[in-house]
Amino acid sequence: MMNLPIRPRRNRKSANIRGLVRETSLSPEHLICPVFVHEGDGNQPISSLPGCTRWSVQGLVEEAKRLMDLGIRTLDLFPAIPDDKKTPDASEAYNPDGLIPRTIYALKSEVPGMTVMTDVALDPYNSDGHDGLVEFRSDGTMEILNDDSVEVLCRQALCHADAGADIISPSDMMDGRVAAIRATLDSEALDDVSIMAYTAKYASALYGPFRGALESAPKEGDKKTYQMDPGNIREALREAQLDEAEGADILMVKPATLYLDVIAAMRSHVTLPVAAYHVSGEYLMIKSAAASGWLDEREAVLETLTSIRRAGADMILTYYAPQAAEWLKQER
Ligand code: PBG
């Protein structure tokens, strides 16, 4: 026998001991479920996101009741807007009778315990498919306008808050939008409505399946003049300082698994809660490997979500929320 008084394996010798020493917890209360809603009747499978659904408003109400029972208490709404309502000025984004306000009313009246969060950005409404307004120049170049876009984003945020949204989540990455949205909400006595800022949203290859779900891909150009360069981390902390100073309640990093270092850095530099978005491409990486029988889906998902929590995320937005909640319920 080795003379070995220090044996770390003693703390791994049984499930009970492993439970006592586990540093990171994962439970349904940490999860937010992003959901897609459309204007028509009936629920549609989403071909670019197998396992996810484009819900009718009523279909989403029924799904929300099921999610409540599973312990998922926050939904993030994304609208599929028909092409004939998409315009260069994205005015459907603040239509008080639009799809999102109607969905909020339905959820709030029929599933009152559900916290409803909405995405604020123009890409589902904008015929150009960009998160802000686009100016096309005579020399053939284009620009995503910052300050003009922020005005529209404020109207959109107000429209969602008026309809009863609990949390507004600007995903557009325009400068100064958090302060502007905060001021707009406060001026209408909506000071109780929270802001979860997409603080460090990277220009990632992993959003493709989501854009397929909403048919919201940019018609021209890319999102690199507003979303962040994947090589940067100090810039994420700069964005965090700004969002904190501008009055954000929660900061988000997106995507999650390729950016665990950013989550950890943000956690150690700010006192605000940190969220991470496990995006559509990250979901599909596991989904497709599992469908081929190459990965154990349950083990891979729970390990992934635990790792995002370990890196420092207080909460995780994930398309796996319903399934993870089911798996967590089965776990001893
Ligand atoms: C749009 C938005 C995107 C996502 C959330 N809000 C796509 C994008 O920026 O192009 C991505 C979510 C995902 O991939 O799961 N403002």
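Heads up: the sequence shown at position 206 corresponds to 553 in our numbering, and the numbers run straight through without jumps.
From the three backbone atoms N, C-alpha and C, an ideal C-beta is built for every residue, glycine too.
- Query: Can we count Tyr630 as close to the ligand PBG, meaning its CB is less than 8 angstroms from some heavy atom?
  - Reply: Between the ligand PBG and the CB of Tyr630, the shortest heavy atom gap is smaller than 8 angstroms.
- Item | For Asp431 and Tyr441, the rounded distance between their alpha carbons | Going by the C-alpha atoms only, they are around 16 angstroms apart.
- Task: Note down, in chain order, each residue of its chain lying with its Cβ closer than 8 angstroms to the Cβ of Gly594, except the 5 sequence neighbours on either side.
- Result: Closer than 8 angstroms at Cβ, skipping near neighbours: Val525, Ala526, Arg529, Ile542.
- Inter-residue spacing [alpha-carbon to alpha-carbon] between Lys634 and Cys380: So the two alpha carbons sit approximately 16 angstroms from each other.
- Query: Ordered along the chain, which non-local residues of its own chain (more than five positions away) have a Cβ less than 6 angstroms from that of Gly406?
  - Reply: Asn390, listed in sequence order.
- Would you check if the distance between the CB atom of Ile491 and the CB atom of Thr572 is smaller than 9 angstroms? Cβ atoms of Ile491 and Thr572: closer than 9 angstroms.
- Task: Compute the Euclidean distance between the alpha carbons of Tyr554 and Gly398, then round it to the nearest angstrom.
- Result: Cα to Cα, the separation comes out at about 16 angstroms.
- Item | Cα-Cα separation between Glu646 and Leu351, rounded to whole angstroms | Between Glu646 and Leu351, the C-alpha separation is close to 33 angstroms.
- heavy atom of the ligand PBG below 8 angstroms from Glu624 C-beta: Here residue 624 turns out to be Tyr, not Glu, going by the sequence shown. Under cutoff, so the answer is yes.
- Item | DSSP state of Glu482 mapped onto helix, strand, coil | Collapsing the DSSP output to three states places Glu482 in a strand.
- Item | Buried versus exposed, by CB contacts within 10 Å (16 or more), Gly640 | Per the 10 Å Cβ criterion, exposed.
- Is the beta carbon of Ala468 within less than 8 angstroms of some heavy atom of the ligand PBG? Within the cutoff, so yes.
- Cβ-Cβ separation, Ile655 to Leu619 (assumed contact under 8 angstroms), whole Å: A Cβ-Cβ distance of about 17 angstroms is found for the pair Leu619 and Ile655, leaving them out of contact under the 8 angstroms criterion.
- Message: Within 8 angstroms, do at least three Cβ pairs link the stretch 363–370 to the stretch 412–423?
- Response: Too few Cβ pairs lie closer than 8 angstroms, so no.
- Just the Cα atoms here: how many angstroms apart are Ala622 and Ser361? It is roughly 32 angstroms from the alpha-carbon of Ala622 to the alpha-carbon of Ser361.
- Item | Residue environment, Asp569, which counts as buried when at least 16 other CB atoms sit within 10 Å | With fewer than 16 Cβ atoms within 10 Å of its Cβ, Asp569 is classed as exposed.
- Nearest-angstrom Cα separation, counted from Leu454 out to Val408: When only Cα atoms are considered, Val408 and Leu454 end up about 6 angstroms apart.
- Query: What is the rounded straight-line gap between the Cα of Ser374 and the Cα of Arg401?
  - Reply: Approximately 25 angstroms, taken between the alpha carbons.
- Task: Could you please give me the residues that DSSP links to Lys548 through a beta bridge?
- Result: Under DSSP, Lys548 forms a beta bridge with Lys601.
- Item | Contact test: Tyr667 Cβ vs the ligand PBG heavy atom, cutoff 8 angstroms | Tyr667: no, Cβ never under 8 angstroms from the ligand PBG.
- Quick one: what does DSSP say Pro517 is sitting in, helix, strand or coil? DSSP places Pro517 within a strand segment (E or B) once states are collapsed to three.
- Message: the ligand PBG and Leu424: does the residue's C-beta get closer than 8 angstroms to at least one heavy atom of that ligand?
- Response: Not one heavy atom of the ligand PBG sits closer than 8 angstroms to the Cβ of Leu424.
- So who's on the other strand from Ser541, going by DSSP bridges? Its beta-bridge partners are Ile514.
- Item | Cα-Cα separation between Leu505 and His377, rounded to whole angstroms | The alpha-carbon of Leu505 is positioned some 27 angstroms away from that of His377.
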